[in-house]
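> Okay, handing you the structure first.
Protein chains in written order, with our numbering: chain A, 65 to 412; chain B, 344 to 603.
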């Protein structure tokens, strides 16, 4: 892996230079929220930690036309635009690696592959806030899955090169690159120490696969199911949620059917319904159990890591406080003040 | 292949759904092209009520005996019957009162029960309370795009499936901030998708005009709103707009039960 540095004052010109690859997108603050948007480098929020929707939207958009067909022929003209996506943090890149495994390991998803090819991932270091817990999921640093990764050391940024595509992109910005010296490395080590000491939220994921498995009949699920709104927000904002649904829509004007592919959620009742009307997970508690078992047990046994990267989007997004932190704490018999724990379970 | 014959009808309602079909200005010619329109009184008085229909679109709730007779006639001559708009699908705002309260309200407005002589009034109900409904398109009023998609599928011989997941999904696809988290009375989690989250995208809480999803968790929604400091009255009022009397009463009982 090659390493360079750039002066902080050259960050914006550096990003503008990368526009030679494609449209420049990054975290932009809009009111109280932050979203990945197409913008000028000056508009990016360099301190932003979590966007409303994660970068998975670049690889498979929330809703897109996957096929167009008429009576006798079909056409797949899905061609994602080339984009530079700036500002992903280590957790976000880990999430993209999980995405990558899911969409390429057994079957290669052509839509994912095309978008992946058209996207240049430029990571950015971060300092945790009171919600971050990537140290607990082992995703606070990242070695692969990005094309370039920038670490902000104050007056300069270190530039990791993570892929041949990243290497190639440096041709666009070669004039800003400088060689690193020993001091840069020692400053980086000191920065890491400071960063690692900055985590405030304590979550213990150690032993979770067993704890979740053994808690299969725990009353916690029932209680959670009572309070769950089944709104699906947790799955939409989760950077590792991959589920989608397909539906054919008729385009009257063009006399074409459009096969729409859109993000779907395992907490929706219809998700586990099969032909004939049988539903394998009719109860909300069963659907939540599926989600947490998938994230903390199933993925672990398949890939050796949980499908949670500690970004805390579920923590800041669920209206009733059902999230990885509160659920893990409840299953570990630890104290949690989450709203869902306060709802009385009625007899109904 | 001959064109599918359709009819567009209205029972008790504001006629906003039929109007929105007429508002599909750019696509109207295309609609005339793929369908043979036998009856659409709002657009043309030259209606043919004798021919059988492939598809009847019906808006409005059944609120009078005349409505009911009309609906039964339409059902008899139509292969498929599609309920359009909240009134036809769920009963509409008017179904806020259906039981004893309806009688009281009726008397308060019209005086004696038989004061209206043209037809006998009935407590407002959706079409499905009386006849078989083959497909639905909710909304108050229906939106142009979903209508055109539905009409298109029907023209292709497909009976459209009604989605069953909350509008919150569409709201998140648009990267809106959650209005429940911002302390608003938003009924998104209880409300079916399809509109594309129009209101919350404009920072206006969802009032549920696409009707409820199956097995909605209104208890959790009520619990959350109460935790957020809203009174029973405020919550019940919002539910009642598109929720129907039965649903609002259930909610009220639940909230009051938890009062003490």
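Each residue gets a CB set at the ideal place from its N, CA and C atoms; glycine is no exception.
What in chain B is Cβ-close to residue 127 (chain A), meaning under 7 Å?
Numbered from 1 along the first chain, position 63 holds the residue referred to as residue 127 (chain A). Ordered by position in chain B, the residues that pass the 7 Å Cβ test against residue 127 (chain A) are 516.
> Three or more beta-carbon pairs under 8 Å between the segment 345 to 358 of chain A and the segment 285 to 299 of chain A, yes or no?
As far as the Cβ criterion goes, the segment 345 to 358 of chain A touches the segment 285 to 299 of chain A, which means the pair count is three or higher.
> Identify, in the order they occur along the chain, each residue of the same chain with its Cβ nearer than 8 Å to the Cβ of residue 262 (chain A), setting aside the five sequence neighbours on each side.
The count along the first chain starts at 1 and reaches residue 262 (chain A) at position 198. Closer than 8 Å at Cβ, skipping near neighbours: 191, 192.
> Under 8 Å between C-beta atoms, does residue 383 (chain A) make it to chain B?
Along the first chain, one-based indexing puts residue 383 (chain A) at 319. With 8 Å as the cut-off, residue 383 (chain A) counts as an interface residue toward chain B.
> Quick check on the DSSP output: what are the complete alpha helix (DSSP H) runs of length 4 or more inside the segment 142 to 171 of chain A, in order along the chain?
Taking only runs of at least 4 residues, the alpha helix (DSSP H) segments lying wholly in the segment 142 to 171 of chain A are 154 to 168.
> Hey, could you find the ends of the beta strand (DSSP E) residue 188 (chain A) is sitting in?
Translated into the one-based positions of the first chain, residue 188 (chain A) becomes position 124. Per DSSP, residue 188 (chain A) belongs to the beta strand (DSSP E) from 183 to 188.
> Please identify the residue among A:382, A:87, A:115, A:78 whose C-alpha is closest to the C-alpha of residue 96 (chain A).
By one-based count along the first chain, residue 96 (chain A) stands at place 32. The shortest C-alpha separation from residue 96 (chain A) is found at A:115.
> If you compare alpha carbons, which of A:215, A:339, A:229, A:333 is closest to residue 254 (chain A)?
Residue mapping note: residue 254 (chain A) aligns to position 190 of the first chain, counting from 1. Here the closest residue by C-alpha is A:215.
> Output yes if chain A places a C-beta closer than 8 Å to the C-beta of residue 573 (chain B); else output no.
Here residue 573 (chain B) is taken as the residue at index 230 of the second chain, counted from 1. Chain A, which has no Cβ nearer than 8 Å to the Cβ of residue 573 (chain B), makes this no.
> Using a C-beta to C-beta distance shorter than 9 Å, which residues of chain B count as neighbours of residue 291 (chain A)?
Along the first chain, one-based indexing puts residue 291 (chain A) at 227. Simply 560, 562, 563, 566, 567.
> Smallest Cα separation from residue 207 (chain A): which of A:378, A:357, A:66, A:394?
Stepping through the first chain from its first residue, residue 207 (chain A) is reached at position 143. The candidate whose alpha carbon is nearest that of residue 207 (chain A) is A:66.
> So, does the segment 538 to 557 of chain B touch the segment 385 to 394 of chain A, judging by three or more C-beta pairs under 8 Å?
Taking 8 Å as the limit for Cβ pairs, the verdict is that the segment 385 to 394 of chain A does not touch the segment 538 to 557 of chain B.
> Can you check DSSP and say which residues form a bridge with residue 387 (chain B)?
Taking the first residue of the second chain as position 1, residue 387 (chain B) is located at position 44. Looking at the DSSP assignment, residue 387 (chain B) forms a beta bridge with B:383.
> Using a threshold of 8 Å, state whether the C-beta atoms of residue 523 (chain B) and residue 561 (chain B) are closer than that.
Within the second chain, the letter at position 180 stands for residue 523 (chain B). Within the second chain, the letter at position 218 stands for residue 561 (chain B). No, these two residues do not count as a Cβ contact at 8 Å.
> Hey, quick one: how far does the alpha helix (DSSP H) through residue 516 (chain B) stretch, first residue to last?
Taking the first residue of the second chain as 1, we reach residue 516 (chain B) at position 173. First-last of the alpha helix (DSSP H) with residue 516 (chain B): 511 to 516.
> Return the chain-ordered list of same chain residues with a C-beta closer than 8 Å to the C-beta of residue 218 (chain A), the five sequence neighbours on each side being excluded.
Indexing the first chain from 1 puts residue 218 (chain A) at position 154. Hits under 8 Å: 72.
> Buried or exposed: which applies to residue 387 (chain B), given that a residue is buried once 16 or more other Cβ atoms fall within 10 Å of its Cβ?
Position 44 of the second chain holds residue 387 (chain B). That one is exposed.
> Per DSSP, what are the beta-bridge partners of residue 215 (chain A) in this structure?
Position 151 of the first chain, counted from the start, is the residue given in the question as residue 215 (chain A). Residue 215 (chain A) pairs with A:222.
> To the nearest angstrom, how far is it from the Cα of residue 167 (chain A) to the Cα of residue 600 (chain B)?
Locating residue 167 (chain A) in the first chain gives position 103, where the first residue counts as 1. Locating residue 600 (chain B) in the second chain gives position 257, where the first residue counts as 1. Their Cα atoms are separated by approximately 49 Å.
> Could you confirm whether any beta carbon from chain A is found closer than 8 Å to the beta carbon of residue 346 (chain B)?
On the second chain, position 3 is the one that residue 346 (chain B) refers to. Taking Cβ atoms only, chain A never reaches closer than 8 Å to residue 346 (chain B), which makes this a no.
> Give a yes or no on whether the minimum CB-CB distance between residue 494 (chain B) and chain A is below 8 Å.
Your numbering for residue 494 (chain B) matches position 151 in the second chain. Cβ-Cβ to chain A under 8 Å: yes for residue 494 (chain B).
> Between residue 78 (chain A) and residue 240 (chain A), how many whole angstroms is the CB-CB distance? I'm expecting something under 8 Å.
Taking the first chain and counting its residues from 1, the one referred to as residue 78 (chain A) is at position 14. Taking the first chain and counting its residues from 1, the one referred to as residue 240 (chain A) is at position 176. The pair is a contact, with the Cβ atoms about 5 Å apart (cut-off 8 Å).
> Is residue 597 (chain B) helix, strand or coil by DSSP?
In the second chain, counting from the first residue as 1, residue 597 (chain B) sits at position 254. Of the three classes helix, strand and coil, the one that applies to residue 597 (chain B) here is helix, per DSSP.
> For the segment 323 to 334 of chain A, enumerate the residues whose C-beta is nearer than 7 Å to any C-beta of chain B, in chain order.
Answer in chain order: 327, 329, 332, 333, 334.
> Quickly, what does DSSP pair residue 327 (chain A) with across the bridge? List them, please.
One-based indexing of the first chain puts residue 327 (chain A) at position 263. BP columns for residue 327 (chain A) point to A:308.
> From the DSSP output, which residues share a beta bridge with residue 97 (chain A)?
For the purposes of this step, residue 97 (chain A) is taken as the residue at position 33 of the first chain. A:94.
> Can you tell which of B:357, B:438, B:409, B:356 has its C-alpha closest to the C-alpha of residue 589 (chain B)?
By one-based count along the second chain, residue 589 (chain B) stands at place 246. It is B:438.
> Per DSSP, residue 535 (chain B) forms a beta bridge with which residues?
Position 192 of the second chain, counted from the first residue, corresponds to residue 535 (chain B). The partner list for residue 535 (chain B) (beta bridge, DSSP) reads B:509.
> At what residues does the alpha helix (DSSP H) containing residue 200 (chain A) begin and finish?
For the purposes of this step, residue 200 (chain A) is identified with residue 136 of the first chain, where counting begins at 1. Taken as a continuous stretch (DSSP letters only), the alpha helix (DSSP H) holding residue 200 (chain A) covers 198 to 201.
> Please classify residue 534 (chain B) as buried or exposed, where buried requires at least 16 other C-beta atoms within 10 Å of its C-beta.
For the purposes of this step, residue 534 (chain B) is taken as residue 191 along the second chain, with counting starting at 1. The residue in question, residue 534 (chain B), is buried, as its Cβ has 16 or more Cβ neighbours within 10 Å.
> Cβ closer than 7 Å: which chain A residues qualify as neighbours of residue 521 (chain B)?
Here residue 521 (chain B) corresponds to residue number 178 of the second chain, with the count starting at 1. Under the 7 Å cutoff, chain A gives 297, 381, 383.
> Who are the near neighbours of residue 408 (chain B) in its chain, counting only those whose CB is closer than 6 Å to its CB and skipping five residues on each side?
The residue you call residue 408 (chain B) lines up with position 65 of the second chain. Cβ neighbours of residue 408 (chain B) beyond the five flanking positions: 462, 463.
> Report the residue from A:378, A:295, A:370, A:371 whose alpha carbon sits nearest the alpha carbon of residue 529 (chain B).
Translated into the one-based positions of the second chain, residue 529 (chain B) becomes position 186. Ranking A:378, A:295, A:370, A:371 by Cα distance to residue 529 (chain B) puts A:295 first.
> What is the rounded straight-line gap between the Cα of residue 399 (chain A) and the Cα of residue 346 (chain A)?
Numbered from its first residue, the first chain carries residue 399 (chain A) at position 335. Numbered from its first residue, the first chain carries residue 346 (chain A) at position 282. Their Cα atoms are separated by approximately 29 Å.
> Checking 8 Å against the spacing of the C-beta atoms, do residue 149 (chain A) and residue 119 (chain A) come in under that value?
Looking up residue 149 (chain A) in the first chain gives position 85. Looking up residue 119 (chain A) in the first chain gives position 55. Against a cut-off of 8 Å, the Cβ pair of residue 119 (chain A) and residue 149 (chain A) comes out as a contact.
> Using a Cβ-Cβ cut-off of 8 Å, state whether residue 349 (chain A) counts as contacting chain B.
Taking the first chain and counting its residues from 1, one reaches residue 349 (chain A) at position 285. Residue 349 (chain A) does not count as touching chain B.
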